[in-house]
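Numbering (the working numbering), first residue to last: 15 to 462.
Using N, Cα and C, we set each Cβ at its ideal position, and we do this for glycine too.
Below: the structure, in structure tokens.
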RNA sequence: CGGAGCGUAGCGCAGCCUGGUAGCGCACUUGCUUCGGGAGCAAGGGGUCGGAGGUUCAAAUCCUCUCGCUCCGACCA
């Protein structure tokens with residue numbers, strides 16, 4: 015993409031309403047624009063990040079055997095009356111009346127919709143297990159939205175729902191999502207820690223929150239230090255096999271959010287030097303809740319013995335729009351965002367130090383074409399902005415590698431590569447610079 | 001919803017107390033000079049001062065109401 019054709023409204027000053035660094039940087043980098051309290055438009059740069067987060071979520075959901083669907087944002091109140099949650103949910107649910115006076119609502123989650131789909135479409139135990147996921151905008155009319163996209167009212171969530179014949183199978187389904195989540199967050203450069211959690215209004219008796227440690231987190235969390243650098247399951251992990259070993263490794267050490275915290279047990283189980291008490295950002299939440307929805311809504315299949323069995327369910331959420339903010343909280347410096355390559359909106363920023371100079375333009379354009387041919391997502395700053403401003407913009411929006419060409423470099427046949435994260439600079443021949451930066455990007459695209 | 005603030009140009013702010021018809025920095029436009037880490041000079045464009053009502057000869061400024069936004073608490077991906 016050529017910057018001259020792109021839409022990147024960056025700000026030099028920090029808008030005063032932004033309190034935390036991710037919100038400030040998202041506004042300054044032109045990723046989002048507030049539309050109302052807790053409601054944002056995603057500008058091109060922000061949308062690219064959201065899309066890359068979505069790509070990773072999809073890959074890992076698919077790997078774990080889940081299948082994507084797309085459910086509506088607007089739901090009928092009738093389904094919620096069936097499950098018994100219409101009255102129970104409270105004011106977070108945005109209730110809407112249509113022109114025929116029918117009660118509708120903007121979905122805060124989709125257990126009811128998916129359970130109705132399953133009930134109407136699946137008859138036999140032979141169709142199980144199933145896991146269907148949905149990436150769709152949700153709306154929860156929070157009392158107090160804050161922190162930009164970290165607690166918006168409208169937010170993009172991946173929600174998956176598992177259906178199994180037995181409680182034992184359902185626990186396996188839970189473990190598949192558990193492992194998928196460990197991989198998903200790790201691929202975004204995050205160290206997530208699964209923590210025992212309360213189930214809230216979703217209900218159920220087995221639940222984990224996936225937490226990213228950050229000072230600006232909204233939850234107080236307690237865990238064993240070793241969990242911070244726990245081993246992330248490899249891509250080759252057999253999701254059809256036994257995952258209970260991985261699950262046990264990650265859940266046998268103490269980790270709990272505030273509402274599930276047991277101070278006595280924490281002190282008994284964790285040596286003093288391994289006790290971590292910190293703030294955390296919840297980026298995922300998984301639940302096993304059995305027949306909480308399938309029972310009232312009549313989601314049953316015929317078992318091997320011919321008898322009707324109410325299916326066992328679980329649900330699995332990832333706060334995708336929140337993740338964009340969470341990644342920034344975890345990865346930024348004084349100059350701006352430092353994107354991990356897999357979620358970077360652009361992988362390489364090509365800086366032309368003297369746009370308008372014939373030779374430099376030609377050299378930069380040649381590099382631009384080569385990078386694109388190599389499959390690199392590149393932002394070419396071809397504007398007549400001064401060099402300092404170009405560097406500042408690239409630093410702010412967090413492009414992982416900057417490839418810099420100017421008249422001097424063109425004369426000597428060289429270009430400079432700057433690593434955004436380490437600040438390291440390297441001057442190489444034009445060809446070597448391309449090769450080098452392409453390899454560096456490709457190496458970091460996927461989790462080893 | 002309880003408590004605390006803030007709404008003046010795209011962003012950051014001053015002006016309000018003590019009414020006299022709107023200003024600064026950045027950004028933007030044009031020209032010239034500059035140009036390897038946020039340039040300089042000059043000339044410009046852009047604002048129903050959140051909205052409504054009131055007081056007054058006169059309101060960004062005083063009064064009333066209202067809307068929006070932010071922060072602290074309870075709620076949550």
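Opposing strand residues paired with residue i [DSSP bridges]
{"i": "residue 82", "result": "147"}
{"i": "residue 430", "result": "418 and 441"}
{"i": "residue 225", "result": "207 and 296"}
{"i": "residue 346", "result": "351"}
{"i": "residue 357", "result": "Answer is none; residue 357 lacks a bridge partner."}
{"i": "residue 178", "result": "326"}
{"i": "residue 235", "result": "271 and 292"}
{"i": "residue 118", "result": "90 and 110"}
{"i": "residue 315", "result": "323"}
{"i": "residue 304", "result": "327"}
{"i": "residue 220", "result": "302"}
Given residue i as reference, the closest of the options once Cα atoms are compared
{"i": "residue 361", "options": "348, 393 and 79", "result": "393"}
{"i": "residue 313", "options": "38, 115, 35 and 142", "result": "142"}
{"i": "residue 413", "options": "446, 400, 342 and 369", "result": "342"}
{"i": "residue 407", "options": "316, 78 and 42", "result": "42"}
{"i": "residue 58", "options": "31, 33 and 17", "result": "17"}
{"i": "residue 398", "options": "411, 377, 388 and 365", "result": "365"}
{"i": "residue 231", "options": "241, 206, 239 and 246", "result": "206"}
{"i": "residue 378", "options": "261, 223 and 447", "result": "447"}
{"i": "residue 442", "options": "435, 453 and 426", "result": "426"}
{"i": "residue 246", "options": "202, 21 and 438", "result": "202"}
{"i": "residue 275", "options": "264, 290, 92 and 345", "result": "290"}
{"i": "residue 60", "options": "405, 24 and 50", "result": "24"}
{"i": "residue 161", "options": "435, 37 and 288", "result": "37"}
{"i": "residue 71", "options": "308, 174 and 260", "result": "174"}
{"i": "residue 420", "options": "327, 47 and 375", "result": "375"}
{"i": "residue 359", "options": "40, 63, 21 and 34", "result": "63"}
Coarse secondary structure for residue i, derived from DSSP in three states
{"i": "residue 323", "result": "strand"}
{"i": "residue 466", "result": "An answer regarding residue 466 cannot be provided, because it is not within the stretch 15 to 462 covered by the chain."}
{"i": "residue 77", "result": "helix"}
{"i": "residue 292", "result": "strand"}
{"i": "residue 208", "result": "strand"}
{"i": "residue 402", "result": "helix"}
{"i": "residue 297", "result": "strand"}
{"i": "residue 394", "result": "strand"}
{"i": "residue 152", "result": "strand"}
{"i": "residue 172", "result": "strand"}
{"i": "residue 93", "result": "helix"}
{"i": "residue 132", "result": "helix"}
{"i": "residue 452", "result": "helix"}
{"i": "residue 160", "result": "strand"}
{"i": "residue 337", "result": "helix"}
{"i": "residue 139", "result": "helix"}
{"i": "residue 331", "result": "strand"}
{"i": "residue 165", "result": "strand"}
{"i": "residue 127", "result": "helix"}
{"i": "residue 250", "result": "coil"}
{"i": "residue 424", "result": "helix"}
{"i": "residue 436", "result": "coil"}
{"i": "residue 195", "result": "helix"}
{"i": "residue 186", "result": "helix"}
{"i": "residue 102", "result": "helix"}
{"i": "residue 245", "result": "coil"}
Proximity test, residue i beta-carbon vs the ligand GTP heavy atom, cut-off 8 angstroms
{"i": "residue 421", "result": "Among the components modelled here there is no ligand, and therefore nothing to report on the ligand GTP."}
Integer-rounded CB distance, given that residue j should sit under 8 angstroms from residue i
{"i": "residue 147", "j": "residue 75", "result": "5 angstroms"}
{"i": "residue 473", "j": "residue 357", "result": "The structure shown does not extend to residue 473, since the chain is modelled only from 15 through 462, so no value can be given for it."}
{"i": "residue 311", "j": "residue 129", "result": "5 angstroms"}
{"i": "residue 124", "j": "residue 85", "result": "5 angstroms"}
{"i": "residue 294", "j": "residue 228", "result": "7 angstroms"}
{"i": "residue 52", "j": "residue 159", "result": "3 angstroms"}
{"i": "residue 355", "j": "residue 458", "result": "4 angstroms"}
{"i": "residue 106", "j": "residue 122", "result": "6 angstroms"}
{"i": "residue 194", "j": "residue 78", "result": "4 angstroms"}
{"i": "residue 278", "j": "residue 241", "result": "No, residue 278 and residue 241 are not in contact; Cβ-Cβ is about 20 angstroms, not under 8 angstroms."}
{"i": "residue 325", "j": "residue 177", "result": "5 angstroms"}
{"i": "residue 284", "j": "residue 238", "result": "5 angstroms"}
{"i": "residue 451", "j": "residue 431", "result": "6 angstroms"}
{"i": "residue 67", "j": "residue 337", "result": "5 angstroms"}
{"i": "residue 118", "j": "residue 90", "result": "6 angstroms"}
query = In the stretch 255-293, which residue ranges form an unbroken beta strand (DSSP E) of at least 3 residues, counting only runs that do not cross its ends?
reply = 269-271
query = Going along the chain, which unbroken runs of the alpha helix (DSSP H) with 4 or more residues stay wholly within the stretch 15-80?
reply = 35-42 and 58-77
Length at least 3, wholly inside the stretch 357-390: the beta strand (DSSP E) runs in chain order = 362-366
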